[in-house]
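**Student:** 971 is the number that the numbering used here gives to position 22 of the sequence shown; each next residue is one higher, with no gaps. Just so it is clear, CB atoms sit at the ideal spot from N, CA and C, and this is done for glycine as well. Just so you know, these numbers come straight off a predicted model, no measurement behind them. Quick one: structure below, then a few questions.
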Amino acid sequence: IRCYSINSCLNNYQWSSNEQQPEVDKHDSIEAIFDQLLDHIQDQNEKSIIHQLLIKYRKIFDTSIHSIAKISAPPMIKTGLNLPIHSRVYRTDPIKQQHISTIIDAMLKSGQIQKSDSSWSSPVILVKKRWNL
């Protein structure tokens, strides 16, 4: 059983040459999405201002790469005097297990999670998105 916890490190992740980097056309595709979202706005001046703001802060909307929020305090969940909850691992087929491992490895590399030895545990559940992405 492998345990992982959310990492509170405040490092900036840089893609190495052997990792999958965001595609070059991601910039174009996110702009196309912004254009579609702004289609209903009639006032061209207002549309332009909002579009410029969306482009300026596009990293906020980019979900193609993992990112870490910069926080001043590590995340904490107050559990009081409650005993740790330990849930058993669910069986998964080899294809799903490979997918889970890939996601966990990417999160480890990006610094989003770190290995943990904790008496608290919860199984990973894969949920298929409605739009099959």
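1) Spatial neighbours of I1049 within its chain, please: CB distance less than 6 angstroms, with the 5 preceding and 5 following residues excluded, ordered by chain position.
2) Measure the C-alpha to C-alpha separation of T1028 and S1067 and round it to an integer number of angstroms.
3) Report the partner residues of S1070 according to the DSSP bridge assignment.
4) Can you look up K1078 in the DSSP assignment and give me helix, strand or coil?
5) Where S997 and K1019 are concerned, what is the direct C-alpha to C-alpha distance, given to the nearest angstrom?
**Tutor:** In terms of the structure at hand:
1) V1073
2) 14 angstroms
3) H1035
4) coil
5) 30 angstroms
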